[in-house]
């Protein structure tokens, strides 16, 4: 796979801009557990995930973590280049949650291109808006919803009722059970999947870590 | 004051772009309490605050509020034009917290300009990064700071905003700001009163020891 495959707006860039990106981008492999970015201590650049999985989280003074979001193949990690925007005043940590391959575009190169390319600046806007939306979702979960608990309880109970850890049930049906909306349930299930609690396939939910689900209750 | 005074990057725009902005921008006055933007129900446009104060908050299904940030004269409200970015997938409400004057730039006009202007797109990026930073600060407060610190921070900030140490505000309203319950806030305020930090009378909170409050932060 070429660098161009990771830029949805590749065809909106000039030939010169493409060349600059192509020539400056490097490949990097990170073993599971590697810290790729640590707050304002570095400014690695944009990471374009090819394989594996990255995790963005914040860390309290007391060492507590909160996962903000995850990045999967095809996703772009913007905040590992947070120095390119003066108004980013928060510190987050990016780690390789699985063995990961990625492209790295140096922060300064990207910044220079973005200054003059409306396409690249708007693309950057959309990446940030997507991450912002994930963080807003998280705030709402933290403040108001106990849906995670209710969903975990439902899955555990259902598995016991059916005598199997492989549940054949639609998200729609679960939403009905919980008096919620299908999209909301799907999103939470994907969050659970990201946490390694369940595996989702079409029409099926496999419970991988029942103890962890029960610990949510 | 002219529209140009509210655009830090005015001189980076072309004469044509300035004309488009100037011709499309309208003035608006909003009385205290007016809802200027309500989630995805509208897409008013960019608001450039001239006088007064706006508040951005989210609302739970049960009607609980959490204040995300405030906007003051010179600030730009981007999310009242959230429709211009497809990846903004959250709903927030913008209200005039004081009688406010503002410029309104229609969302579509701004969007069209931004598509072709790297300067405007980068400027938009910086606005979003600033709001993102405020929300990240809030997450850290919610997750890790205890209510005494958040309440102390709120009282100190409010006193500075209002230019008085005598705050006319209900416990209910403070609870909404902090995403807490009235009883919890009342209890903490009484604790503060017991410590000699504030004096409580009906509908009023007198700050007696600002330094001690600040030392809690």
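Protein chains in written order, with the working numbering: chain A, 1 to 217; chain B, 218 to 434. Every residue gets a Cβ at the ideal spot worked out from N, C-alpha and C, and that includes glycine. Since this is a predicted model, take the numbers as computed values, not measurements.
Discussion item. Any C-beta of chain B within less than 7 Å: which residues of the region 145–170 of chain A qualify?
Written reply: Answer in chain order: no residues at all.
Worksheet item: With 8 Å set as the bound, which would you pick, yes or no: does the beta-carbon of residue 307(B) sit closer than that to a beta-carbon of chain A?
Response: Under the Cβ criterion of 8 Å, residue 307(B) is counted among the residues facing chain A.
Item to complete: Using a Cβ cut-off of 9 Å, pull out every chain A residue sitting near residue 354(B), in sequence order please.
Response: 89, 90
Worksheet item: Is residue 379(B) buried or exposed, if buried means 16 or more other CB atoms sit within 10 Å of its CB?
Response: exposed
Worksheet entry | residue 23(A) burial status per 10 Å Cβ neighbour count (16 or more: buried) | exposed
Discussion item. Would residue 183(A) pass as an interface residue toward chain B - the criterion being a Cβ-Cβ separation below 8 Å?
Written reply: no
Discussion item. Using 8 Å as the threshold, is the C-beta distance between residue 68(A) and residue 138(A) below it?
Written reply: A contact, by the Cβ cut-off of 8 Å.
Worksheet entry | Boundaries (first-last residue) of the beta strand (DSSP E) holding residue 284(B) | 282–288
Worksheet item: Below 8 Å between beta carbons: does that hold for residue 361(B) and residue 98(A)?
Response: For residue 361(B) and residue 98(A), no; Cβs fall outside 8 Å.
Item to complete: Evaluate residue 224(B) with the Cβ neighbour count: other Cβ atoms within 10 Å of its Cβ, from every protein chain shown; 16 or more gives buried, anything less gives exposed.
Response: It counts as buried.
Practice prompt. Please name the residues in the region 54–74 of chain A whose beta-carbon is closer than 7 Å to at least one beta-carbon of chain B, in chain order.
Written response: Using a CB distance below 7 Å, the part of the region 54–74 of chain A facing chain B consists of 58, 60, 64, 66, ordered along the chain.
Discussion item. Considering Cα atoms alone, identify which of 37(A), 52(A), 14(A), 106(A) is closest to residue 29(A).
Written reply: Ranking the options by Cα distance to residue 29(A), first place goes to 52(A).
Worksheet item: Who pairs with residue 196(B) in a beta bridge, going by DSSP?
Response: What the structure shows of chain B is the stretch from 218 to 434, and residue 196(B) is not part of that stretch, so it cannot be assessed.
Fill in: Extent of the continuous beta strand (DSSP E) run through residue 408(B)
Per DSSP, residue 408(B) belongs to no beta strand (DSSP E); it is in the alpha helix (DSSP H), 399–411.
Worksheet item: What whole-angstrom Cβ distance do residue 36(A) and residue 96(A) have, given they're in contact under 8 Å?
Response: With 8 Å as the limit, residue 36(A) and residue 96(A) qualify as a contact, their Cβ atoms being about 6 Å apart.
Worksheet item: From this set, 394(B), 431(B), 393(B), which residue's C-alpha is nearest residue 409(B)'s C-alpha?
Response: Minimum Cα distance to residue 409(B) is reached at 431(B).
Worksheet item: Can you tell me the Cα-Cα spacing of residue 303(B) and residue 128(A), whole angstroms?
Response: 11 Å
Item to complete: Count the other C-beta atoms from every protein chain shown that fall within 10 angstroms of the C-beta of residue 404(B), then say buried if there are 16 or more, exposed otherwise.
Response: exposed
Item to complete: Determine the DSSP secondary structure at residue 267(B), reduced to helix, strand or coil.
Response: strand
Discussion item. Against chain B, does residue 38(A) count as a neighbour if the rule is that its beta carbon must be under 8 Å from one of theirs?
Written reply: no
Practice prompt. For residue 416(B), I'd like the list of residues in its chain whose CB is within less than 7 Å of its CB, leaving aside the five on either flank, ordered along the chain.
Written response: 410, 423, 425
Worksheet item: Is DSSP giving residue 77(A) helix, strand or coil here?
Response: In the three-state reduction of the DSSP assignment, residue 77(A) falls in the strand class, which pools E and B.
Practice prompt. Using a Cβ-Cβ cut-off of less than 7 Å, give me the residues of the region 331–342 of chain B that come near chain A, in sequence order.
Written response: 331, 332, 333, 334, 335, 338, 339, 341, 342
Fill in: Boundaries of the alpha helix (DSSP H) in which residue 352(B) is found, first to last residue
Run containing residue 352(B): 335–361, per the alpha helix (DSSP H) assignment.
Item to complete: Starting from residue 176(A), follow the beta strand (DSSP E) in both directions and report where the run begins and ends.
Response: Element bounds for residue 176(A): not the beta strand (DSSP E) but the alpha helix (DSSP H), 171–178.
Worksheet item: In three-state DSSP terms, what is residue 329(B)?
Response: It is helical.
Practice prompt. Identify, in the order they occur along the chain, each residue of the same chain with its Cβ nearer than 7 Å to the Cβ of residue 385(B), setting aside the five sequence neighbours on each side.
Written response: 420, 421
Worksheet item: Would a check of beta-carbon distances place residue 188(A) closer than 8 Å to chain B?
Response: no
Worksheet item: Can you tell me the Cα-Cα spacing of residue 234(A) and residue 400(B), whole angstroms?
Response: Past the boundaries of the shown model lies residue 234(A); chain A is included only from 1 to 217, so the question cannot be answered.
Fill in: Residues that residue 396(B) contacts on chain A, provided the C-beta gap is smaller than 7 Å
143
Discussion item. Please state whether the Cβ-Cβ distance between residue 45(A) and residue 110(A) is less than 8 Å.
Written reply: For residue 45(A) and residue 110(A), yes; Cβs fall inside 8 Å.
Worksheet item: Is there a Cβ from chain B that is less than 8 Å from the Cβ of residue 140(A)?
Response: yes
Worksheet entry | chain B within 8 Å of residue 80(A), Cβ atoms only | no
Worksheet item: Buried or exposed: residue 198(B), going by 16 or more other Cβ atoms within 10 Å of its Cβ?
Response: What is shown of chain B runs 218 to 434, which leaves residue 198(B) out entirely.
Worksheet item: Hey, does residue 231(B) have any beta-carbon neighbour from chain E nearer than 8 Å?
Response: Among the chains of the structure shown, chain E does not appear; the protein chains present are A and B.
Practice prompt. Starting from the Cα of residue 47(A), find the closest Cα among 155(A), 26(A), 41(A) and give me that residue.
Written response: 26(A)
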